[in-house]
Amino acid sequence: MRDVAVIGIGLTKFGELWDKSFRQLITEAGAKAILDSGISGEEIDAMYIGSMSSGRFVGQEHIGALVADASGFSHLHIPSTRVEGACASGGLAVRQGYLSIASGINDIVVVGGIEKMNDVSGTSATGTLATAADQEWESFFGVTFPGLYAMIAQRHMHEYGTTKEQLAQVAVKNHKNGALNPNAQYRREITLEQALKATMVAEPLGLLDCSPVTDGAASIVLCAAEKAKKYTDKPIKIIGSGQGSDTLALHSRRDICTLDATVHAAKMAYKQAKVTPKDIDFAEVHDCFTIAEICAIEDLGFVKKGEGGKAIENNITTLDGQIPVNTSGGLKAKGHPVGATGVAQIVEIVEQLRGEADKRQVKDARIGLAHNVGGSGATAVVHILEGM
Amino acid sequence: MRNSVARFWREIPQRYNFLGNKCGSCGRVYFPPRETCPICRRKSLGKMEKYKLSGKGEILTYTIIHVGPEGFEEQTPYPIAVIKLDEGPCITAQIVDCDIKNVKIGMKVQSTFRKIQQDGRIGAIYYGYKFKPAEVR
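If you read the protein sequences in the order shown, they are chains A and B.
Numbering-wise (our numbering), the first sequence opens with residue 1 and increments by one.
Numbering-wise (our numbering), the second sequence opens with residue 389 and increments by one.
Pasting the structure below:
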């Protein structure tokens with residue numbers, strides 16, 4: 001298997017982008033990544049595009065070809081494939097690109113991730129996100145996505161004494177980081193009191209425990225590591241890639257508070273990278289809800305099961321903490337255009353490892369981890385990256 | 389778009405009568421019924437037998453939904469829970485017939501047949517199970 005490096009990154013602003021279309025967003029992110037890498041269109045061997053539900057959000061399927069076409073590559077007939085795994089679609093697209101180069105089939109691959117969520121009403125967006133859950137045996141009975149994570153939170157509080165304050169602290173931290181990110185949807189800090197008093201969505205989760213509905217796109221250029229130096233002085237190597245799946249419905253899991261798909265994906269990635277959780281300097285984790293970040297830092301092995309809440313309280317994961325988590329602002333503050341998220345996480349990791357994260361820069365960042373989840377935990381992807 | 393009558397009709401035995409199945413190889417009970425037993429896999433092929441569940445269980449976790457999905461807006465706030473059935477499987481369902489403040493993890497519950505949702509004002513009405521506090525014997 002060959003080593004693979006990231007040689008280009010591109011991100012659009014995240015937010016409610018009423019004046020930008022699906023085509024404009026993905027083309028903007030892709031062009032930025034391609035220009036950043038210095039490759040020409042003729043050198044692209046394949047494209048992988050992550051999108052959860054372009055069909056329901058903008059009424060358009062078949063977006064593999066659409067993105068290649070919109071990018072001006074239709075005459076090059078580049079193989080372009082859409083990848084779907086709910087909110088993990090972006091991370092899965094990264095992994096498909098990675099595997100295709102590692103296998104020796106391709107040398108240069110462009111990966112994109114996109115979701116344009118604000119062209120439909122809030123109710124419709126919520127309904128579309130709920131398709132990531134089991135439609136017949138969960139959603140039918142009236143559970144929402146926040147409702148599923150709320151049930152994880154309730155059980156976590158029951159078993160481990162995790163508090164609503166600790167959940168709120170995740171949001172406060174991520175907004176603090178988001179305030180430093182020029183591309184974030186919410187570039188403002190919030191107080192603990194605001195987070196605690198926010199409108200209730202699904203107990204114990206309030207509005208500020210939830211990631212927002214976001215438009216945005218992200219892109220990266222992947223290259224066989226042996227050729228990466230030809231394009232950039234700062235290639236960032238993917239040293240580990242893992243993926244796992246689990247029951248579609250939350251109620252069928254072995255343990256409500258553990259995302260076994262994350263545990264599996266992380267184990268795969270750590271093994272390949274020959275590192276342990278202690279070697280990770282910083283991470284972008286899937287905080288679609290505040291409780292999800294607490295479960296993530298446990299399931300990734302940064303802290304023991306049940307100690308995630310305490311870790312947040314002890315500021316272990318702040319920008320200057322022992323292991324900074326979600327320096328970008330995370331899904332909570334940067335925004336969560338579902339198909340783009342997994343790719344955008346890699347963009348943040350690469351910026352950090354290149355030392356280009358400006359006010360969000362983690363000191364001595366050497367190894368970073370990206371963790372992307374689909375649904376309430378039926379799919380998880382983990383990537384570990386290191387500078388070359 | 390979400391609700392097809394045929395799709396619901398196929399699930400009436402489960403939603404009305406709690407009809408699950410049992411693996412003829414290891415005896416584990418499944419609800420909703422599965423085509424194969426994930427433990428026995430090929431050994432279970434063609435050996436999954438119909439099995440009626442009691443509809444009794446206890447709350448493993450729950451939430452109170454304040455912002456409901458389409459079709460449920462008028463019911464908010466309502467409790468929904470993951471219930472561990474006495475026969476083993478876990479399911480998701482609403483909790484009714486009790487003060488929402490009294491819903492607790494570990495609470496014993498039993499199923500009751502109710503209207504779940506309907507397609508707009510004149511569309512099909514979908515029925516199924518909800519759970520209420522178990523009667524004390």
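Built from N, CA and C at the ideal position, the CB exists for glycine as well.
Practice prompt. Could I get the ranges of all uninterrupted alpha helix (DSSP H) runs contained in the segment 82 to 170 of chain A, with 4 residues as the minimum, in chain order?
Written response: Within the segment 82 to 170 of chain A, the complete alpha helix (DSSP H) runs of at least 4 residues are 89 to 102, 122 to 129, 145 to 160.
Item to complete: Could you tell me which of B/Lys444, B/Val455, B/Phe460 sits nearest to B/Ile471, measuring between CA atoms?
Response: Here residue 471 of chain B is taken as the residue at index 83 of the second sequence, counted from 1. Relative to the Cα of B/Ile471, the nearest Cα in the group B/Lys444, B/Val455, B/Phe460 belongs to B/Lys444.
Worksheet entry | Interface partners of B/Pro420 on chain A, CB under 7 angstroms | Along the second sequence, read from residue 1 onward, the residue named residue 420 of chain B stands at position 32. Per Cβ cutoff of 7 angstroms: Trp137.
Discussion item. Any C-beta of chain B within less than 7 angstroms: which residues of the segment 205 to 223 of chain A qualify?
Written reply: Those residues of the segment 205 to 223 of chain A that come within reach of chain B (Cβ to Cβ, closer than 7 angstroms) do not exist; the list is empty.
Item to complete: Kindly identify the DSSP beta-bridge partner or partners of A/Gln243.
Response: Position 243 of the first sequence holds residue 243 of chain A. Looking at the DSSP assignment, A/Gln243 forms a beta bridge with A/Val381.
Discussion item. So, does the segment 187 to 207 of chain A touch the segment 496 to 506 of chain B, judging by three or more C-beta pairs under 8 angstroms?
Written reply: no
Discussion item. I want to verify the contact list: residues of chain A whose CB lies under 7 angstroms from the CB of B/Glu523, in sequence order.
Written reply: Walking along the second sequence from the start, residue 523 of chain B turns up at place 135. Going along chain A, no residue has its Cβ under 7 angstroms from B/Glu523, so there is no contact; the nearest lies around 22 angstroms.
Fill in: Own chain, CB closer than 6 angstroms to B/Ile483, minus 5 neighbours either side, in chain order
Looking up residue 483 of chain B in the second sequence gives position 95. Contacts found: Pro467, Ala469, Val491, Phe519.
Discussion item. Nearest by alpha-carbon distance to A/Ser219: which of A/Lys173, A/Thr162, A/Glu351 is it?
Written reply: Counting from one through the first sequence, the residue named residue 219 of chain A turns up at place 219. Of the candidates A/Lys173, A/Thr162, A/Glu351, the one whose C-alpha sits nearest the C-alpha of A/Ser219 is A/Glu351.
Worksheet item: Going by the beta-carbon positions, is the gap between A/Asn106 and A/Lys332 smaller than 8 angstroms?
Response: Mapped onto the first sequence, residue 106 of chain A falls at position 106. Mapped onto the first sequence, residue 332 of chain A falls at position 332. Their beta carbons are not under 8 angstroms apart, which means A/Asn106 does not touch A/Lys332 by this criterion.
Discussion item. What residue range does the alpha helix (DSSP H) around A/Ala224 cover?
Written reply: Here residue 224 of chain A is taken as the residue at index 224 of the first sequence, counted from 1. Per DSSP, A/Ala224 belongs to no alpha helix (DSSP H); it is in the beta strand (DSSP E), 215 to 224.
Discussion item. Can you confirm whether B/Cys478, when its beta carbon is compared against all beta carbons of chain A, has any partner nearer than 8 angstroms?
Written reply: The residue you call residue 478 of chain B lines up with position 90 of the second sequence. It does; some Cβ of chain A falls within 8 angstroms.
Worksheet entry | Segment limits, beta strand (DSSP E) that includes A/Ala202 | In the first sequence, counting from the first residue as 1, residue 202 of chain A sits at position 202. Here the beta strand (DSSP E) through A/Ala202 covers 200 to 202.
Item to complete: Mind listing the chain B neighbours of A/Leu167? Cutoff is C-beta to C-beta under 9 angstroms, in chain order.
Response: Counted from its first residue, the first sequence places residue 167 of chain A at position 167. Under the 9 angstroms cutoff, chain B gives no residues; its nearest Cβ is about 13 angstroms from A/Leu167.
Worksheet item: What's the C-alpha gap between B/Arg395 and B/Asp474?
Response: As a working mapping, residue 395 of chain B is identified with position 7 in the second sequence. As a working mapping, residue 474 of chain B is identified with position 86 in the second sequence. Their Cα atoms are separated by approximately 28 angstroms.
Worksheet item: Is the CB-CB distance between A/Leu25 and A/Ile114 below 8 angstroms?
Response: Here residue 25 of chain A is taken as the residue at index 25 of the first sequence, counted from 1. Here residue 114 of chain A is taken as the residue at index 114 of the first sequence, counted from 1. In contact: A/Leu25 and A/Ile114 (Cβ atoms closer than 8 angstroms).
Practice prompt. For the beta strand (DSSP E) containing A/Gly374, list its first residue and its last residue.
Written response: Here residue 374 of chain A refers to the residue found at position 374 when the first sequence is read from its first residue. Per DSSP, the continuous beta strand (DSSP E) segment holding A/Gly374 begins and ends at 367 to 374.
Item to complete: Report back the beta-carbon spacing between A/Ile395 and A/Ala68 to the nearest angstrom; my notes put them in contact at under 8 angstroms.
Response: This structure cannot speak to residue 395 of chain A, because chain A is shown only from 1 to 388.
Discussion item. Using the three-state DSSP reduction, which class does B/Glu462 fall into: helix, strand or coil?
Written reply: Translated into positions along the second sequence, residue 462 of chain B becomes position 74. B/Glu462 falls in the helix class under three-state DSSP.
Worksheet entry | Pairwise C-alpha distance: B/Asp487 and B/Gly412 | Position 24 of the second sequence holds residue 412 of chain B. Position 99 of the second sequence holds residue 487 of chain B. Their Cα atoms are separated by approximately 41 angstroms.
Worksheet item: Along chain A, in chain order, which residues have C-beta atoms closer than 8 angstroms to that of B/Ile483?
Response: As a working mapping, residue 483 of chain B is identified with position 95 in the second sequence. Per Cβ cutoff of 8 angstroms: no residues; B/Ile483 is ~11 angstroms from chain A at best.
Worksheet item: A/Thr276: buried (16+ other C-beta within 10 angstroms of its C-beta) or exposed?
Response: In the first sequence, the residue the question calls residue 276 of chain A occupies position 276. Exposed, by the Cβ-count rule.
Fill in: Between the CA atoms of A/Leu385 and A/Asp364 - distance to the nearest angstrom
Your numbering for residue 364 of chain A matches position 364 in the first sequence. Your numbering for residue 385 of chain A matches position 385 in the first sequence. If you take the alpha carbons of A/Asp364 and A/Leu385, they lie about 14 angstroms apart.
Fill in: Validate contact between the segment 235 to 243 of chain A and the segment 10 to 22 of chain A using beta carbons, cut 8 angstroms, 3 pairs
no
Discussion item. Less than 8 angstroms between the beta carbons of A/Ile349 and A/Ile280, yes or no?
Written reply: What you label residue 349 of chain A is simply residue 349 of the first sequence in a count that begins at 1. What you label residue 280 of chain A is simply residue 280 of the first sequence in a count that begins at 1. No.
Worksheet item: Listing by chain order, which chain B residues have their CB less than 8 angstroms from the CB of A/Gln154?
Response: For the purposes of this step, residue 154 of chain A is taken as residue 154 along the first sequence, with counting starting at 1. The contacting residues are Thr449, Tyr450, Thr451, Ile493.
Worksheet item: In the DSSP assignment, what are the bridge partners of A/Pro182?
Response: Taking the first residue of the first sequence as position 1, residue 182 of chain A is located at position 182. Per DSSP, none; premise fails for A/Pro182.
Practice prompt. Report the neighbours of B/Phe460 on chain C: residues whose CB is nearer than 7 angstroms to its CB, in chain order.
Written response: Annotation note: the requested chain C is absent from the structure, which comprises protein chains A and B.
Item to complete: Mind the definition here: the segment 446 to 463 of chain B touches the segment 131 to 147 of chain A only if three or more C-beta pairs lie below 8 angstroms; say whether that holds.
Response: yes
Item to complete: Kindly list the residues whose CB is nearer than 7 angstroms to the CB of B/Lys431, restricted to its own chain and excluding five residues on each side of it in sequence; keep chain order.
Response: On the second sequence, position 43 is the one that residue 431 of chain B refers to. Answer for B/Lys431: Ser413, listed in chain order.
Discussion item. Can you tell me whether A/Ser394 is buried or exposed? The criterion is at least 16 other CB atoms within 10 Å of its CB, across all chains shown.
Written reply: The displayed coordinates of chain A run from 1 to 388. Any statement about residue 394 of chain A would go beyond what the structure contains.
Worksheet item: Would you report the Cα separation of A/Lys274 and A/Arg366, rounded to the nearest angstrom?
Response: Stepping through the first sequence from its first residue, residue 274 of chain A is reached at position 274. Stepping through the first sequence from its first residue, residue 366 of chain A is reached at position 366. Roughly 14 angstroms separates the two Cα atoms.
Discussion item. Among the candidates B/Tyr404, B/Tyr514, B/Tyr418, whose CA atom is the shortest distance from the CA of B/Ser392?
Written reply: For the purposes of this step, residue 392 of chain B is taken as the residue at position 4 of the second sequence. It is B/Tyr514 whose Cα lies nearest to the Cα of B/Ser392.
Item to complete: Would you check if the segment 149 to 168 of chain A and the segment 204 to 214 of chain A touch, i.e. whether three or more CB-CB distances between them fall below 8 angstroms?
Response: yes
Discussion item. In whole angstroms, give me the CA-to-CA distance for A/Thr379 and B/Arg509.
Written reply: Along the first sequence, read from residue 1 onward, the residue named residue 379 of chain A stands at position 379. Along the second sequence, read from residue 1 onward, the residue named residue 509 of chain B stands at position 121. Note on geometry: alpha-carbon atoms of A/Thr379 and B/Arg509 lie some 37 angstroms from one another.
Discussion item. Alpha carbons only, please: which of B/Gly476, B/Lys489, B/Glu523, B/Pro477 is nearest the one belonging to B/Gln498?
Written reply: Reading the second sequence from its first residue, position 110 is the one you call residue 498 of chain B. Nearest option by C-alpha distance: B/Glu523.
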